[in-house]
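*Asks:* Top to bottom, those sequences are chains A and B.
Counted from 1, the first sequence has number 219 at position 215 by the numbering used here; the numbering is strictly sequential.
Counted from 1, the second sequence has number 62 at position 58 by the numbering used here; the numbering is strictly sequential.
Just dropping this structure here.
Protein chains: 2
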Amino acid sequence: MTAWSERELIRKIRQACNGSSAGLIKGIGDDCCEVEAHGAWLISTDTLVDSIHFDRSWHLPHLLGRKSVAVNLSDIAAMGGRPRFILLSLCLPEDLDAEWISHWLDGVLEILREYDCLLIGGDTVQGRALVLTVTVLGEPVGKGAVYRSGAKVGDTVWVSGPLGSAGCGLKLFAAEKEQPGLLDLSRWQSLLDAHLDPLPCITLGMELAESGLVTAMQDISDGIATDLAHICQASGTGALIHFEQLPFLPELRSATQVLGLKIEDLMLRSGEDYQLVFTLPMGCEKELVQLMEEKGRKVFKIGEIRAGQGVFLQTESGEEEISFQGYEH
Amino acid sequence: MTAWSERELIRKIRQACNGSSAGLIKGIGDDCCEVEAHGAWLISTDTLVDSIHFDRSWHLPHLLGRKSVAVNLSDIAAMGGRPRFILLSLCLPEDLDAEWISHWLDGVLEILREYDCLLIGGDTVQGRALVLTVTVLGEPVGKGAVYRSGAKVGDTVWVSGPLGSAGCGLKLFAAEKEQPGLLDLSRWQSLLDAHLDPLPCITLGMELAESGLVTAMQDISDGIATDLAHICQASGTGALIHFEQLPFLPELRSATQVLGLKIEDLMLRSGEDYQLVFTLPMGCEKELVQLMEEKGRKVFKIGEIRAGQGVFLQTESGEEEISFQGYEH
């Protein structure tokens, strides 16, 4: 193992930043970077801490690099925006393996290429803990950014894909770490992938923003219970979702059984799926379904916005309030 | 001591973010914040790590909050821009005193008010180390941002104020920590203040950018030797500066004597003064001096840009190369 060198890392970052891009006026190598601005910028920043937000014993650096960016891109997706630029602030322990951080950066650069997004600057410092901060800038598209606050009573509630996968993948890795070899993890590769390498719903977010159909949107980072409650709080409404309409991967059932967990806990309250939850006015359902068919995409209606407060779950045995029971960062 | 609570801290940040500001479309409380954009944005990010970039034993949280922002504002000043918005990413140890972080935030908000700048978002996470990341957005003014790369052979080199003060203040605090009571620190309050509470040269930076006079500019964060070398490298030139023209506070002489340090080492190679270094075309000197007189300001000519490579120091005994001997972060 060779410990990382700041000079070497900055050389690699500078090389990666070297590409020119429409809209970048001044890249790395000055006191600030400078970007063109038209209309508006969306900005978000997220910090990931070693042993708290990720576990290096199972998370390979290349995939973690991708995920470090993906969670930020997902915030832009949640506003229906197009990601354009990112900045990295890295706090790295002195003895961190040079190969680890190099592979992490490869993952960062790979996902940036996939989403046509550019690394334009940042800061690298030495510290006792490994702390990775990504700041992303994106542009609103279509009729502008979609906020959390636009949901109206009577709107329907939709999600972009299966719930609980990433949370279950995390539980599987944790179980394997505690008792290595007890489970055959390969049975649940899709759940493991959802945790290791989540894909932000950038294209869908932009399609929805461009359609002008959706009234409120956010990404599911803390679980649908908490994240839909954010929409309700911002919009001054309540919501009812139907358990039997919530999408999930078929593998989730066997994995939760083996782990001794309740499937509904993972679907409602586990985070990091990075799906989108959004609301649609009454009467627009047909138009949405048609748009999604054209794009070859499937989205799932899971409930309704209603008057009052709180998110409620409809099950066979009745209604139960589920808001604010999500995992809070 | 009460450990900090995330809920309480976020409540305080949300309250502080509540102010509306021209140009802010969507503040805290959504997946991203959204700002209006006209022409261009300048962006910079800096990370400060406990025990590496600051020492809590002598740096009170309120002043450290000010400094955490000041070092970022200084990057905007270095481009001649107007700072507008900041984002905070805080990694805080579980047992961090609630009062400490509350006072730190008070300092952040105080300096933001002084520079008419707004906190618009960020992220707060728990981690083993205290790591503070500030991202700042600013707007170019006048004829646009001033880069490092515009210096021409024959330009004169100027600095905005005394050198070595902050570096010497740091050495004084370190000496006091090692042997408490040995020195009477109160003799050097201005040096201590330069370390504890540096003031970014925002107004001067904007005046210089608006004047259209300066060809290159940067802030002195790593010492004039290193920072002027950055300008030379970006501009493809060399530079000669004259030791007897370098400004310093009178207290620097006695402090360096007592500490057993060479005064020239501190003036040339100690960081964090956050003065500006800039270059001026031949023949523009009179215009600059007149502008500075109008503004009631004093700046100092310290040398010339010349052909070749490297930064050289002219002393009584001749020329000596000083580039790349500064402290490198």
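C-beta: ideal position from N, C-alpha, C; glycine also.
Remember, it's a predicted structure, so these values are computed and weren't measured experimentally.
(1) Output needed in chain order: residues of the segment 42 to 71 of chain B with a Cβ under 9 Å from some Cβ in chain A.
(2) Quick one: is residue 271(A) buried, meaning 16 or more other Cβ sit within 10 Å of its Cβ, or exposed?
(3) With 9 Å as the C-beta to C-beta threshold (strictly closer), list the residues of the segment 239 to 261 of chain B near chain A in chain order.
(4) Would you tell me roughly how many angstroms separate the C-alpha atoms of residue 105(B) and residue 50(B), rounded to the nearest one?
(5) Can you tell me the Cβ-Cβ gap for residue 123(B) and residue 92(B), rounded? I've got them flagged as a contact below 8 Å.
(6) With DSSP as the reference, label residue 306(A) as helix, strand or coil.
(7) Helix, strand or coil for residue 323(B) per DSSP?
(8) Answer yes or no: do residue 7(B) and residue 79(B) have a C-beta to C-beta separation smaller than 7 Å?
(9) Quick check: the Cα distance between residue 333(A) and residue 94(B), rounded to an integer number of angstroms?
(10) Note the first and the last residue of the continuous beta strand (DSSP E) segment covering residue 248(B).
(11) Do residue 44(A) and residue 26(B) come within 7 Å of each other at the CB atom, strictly closer than that value?
(12) Below 8 Å, can you find three or more Cβ-Cβ pairs linking the segment 113 to 123 of chain B to the segment 248 to 264 of chain B?
(13) What residue does the beta strand (DSSP E) around residue 41(B) start on, and which one ends it?
(14) Could you confirm whether any beta carbon from chain A is found closer than 7 Å to the beta carbon of residue 139(B)?
(15) Confirm, please, whether the CB-CB distance from residue 172(B) to residue 217(B) is below 7 Å.
(16) Helix, strand or coil for residue 221(B) per DSSP?
(17) Identify the continuous beta strand (DSSP E) that holds residue 124(B) and give its terminal residues.
(18) Taking residue 361(A) as part of the beta strand (DSSP E), name the residues at either end of that continuous run.
(19) When the cut-off is 7 Å and only beta carbons count, does residue 330(B) lie next to chain A?
(20) I'd like to check one pair, residue 238(A) with residue 152(A): are the Cβ atoms closer than 7 Å?
(21) What residues match up with residue 86(A) in a beta bridge as DSSP calls it?
(22) Nearest chain B C-beta to residue 79(A) closer than 7 Å, yes or no?
(23) Please report the distance separating the alpha-carbon of residue 296(B) from that of residue 89(B).
(24) Can you name the start and end residues of the alpha helix (DSSP H) that residue 16(B) belongs to?
(25) When the Cα atoms are used, what is the spatial distance from residue 241(A) to residue 33(B)?
(26) Residues in its own chain within less than 7 Å of residue 37(A) by CB, not counting five upstream and five downstream?
(27) Residue 102(B) by DSSP, collapsed to three states: which one?
(28) Buried or exposed: where does residue 129(A) fall if 16 or more other Cβ atoms within 10 Å of its Cβ makes it buried?
(29) In the DSSP assignment, what residue or residues form a beta bridge with residue 283(A)?
(30) Give a yes or no on whether 7 Å exceeds the smallest Cβ distance from residue 152(B) to chain A.
(31) Any beta carbon of chain A sitting closer than 7 Å to that of residue 91(B)?
(32) Taking Cβ positions only, does residue 135(B) come closer than 7 Å to chain A?
(33) Between the Cα of residue 258(A) and the Cα atoms of 118(A), 103(A), 279(A) and 169(A), which residue gives the shortest distance?
(34) When you compare the segment 68 to 88 of chain B with the segment 142 to 151 of chain B, are there three or more beta-carbon pairs, one atom per stretch, that lie closer than 8 Å?
(35) Compare the C-beta of residue 279(B) with all C-beta atoms of chain A and state if any pair is closer than 7 Å.
(36) With C-beta atoms as the reference, is residue 235(A) less than 7 Å away from residue 155(A)?
*Replies:* Taking the coordinates as given:
(1) 42, 43, 44, 45, 46, 47, 48, 49, 50, 51, 52, 53, 54, 55, 56 and 57
(2) buried
(3) none
(4) 18 Å
(5) 7 Å
(6) strand
(7) strand
(8) no
(9) Note that residue 333(A) scores a pLDDT of 35, beneath 50, so its modelled location is shaky; the value from the coordinates is reported in the next line. Their Cα atoms are separated by approximately 13 Å.
(10) Taken as a continuous stretch (DSSP letters only), residue 248(B) belongs to no beta strand (DSSP E), as it is neither H nor E.
(11) no
(12) no
(13) 37 to 53
(14) yes
(15) no
(16) strand
(17) 122 to 130
(18) Any property of residue 361(A) remains undetermined from this structure, which presents chain A solely from 5 to 333.
(19) Bear in mind that the predicted position of residue 330(B) carries a pLDDT of just 41, short of 50, making it unreliable; the figure below should be weighed with that in mind. Not an interface residue.
(20) yes
(21) 143(A)
(22) yes
(23) 28 Å
(24) 10 to 20
(25) 16 Å
(26) 30, 31, 124 and 125
(27) helix
(28) buried
(29) 161(A) and 220(A)
(30) yes
(31) yes
(32) yes
(33) 169(A)
(34) yes
(35) no
(36) yes
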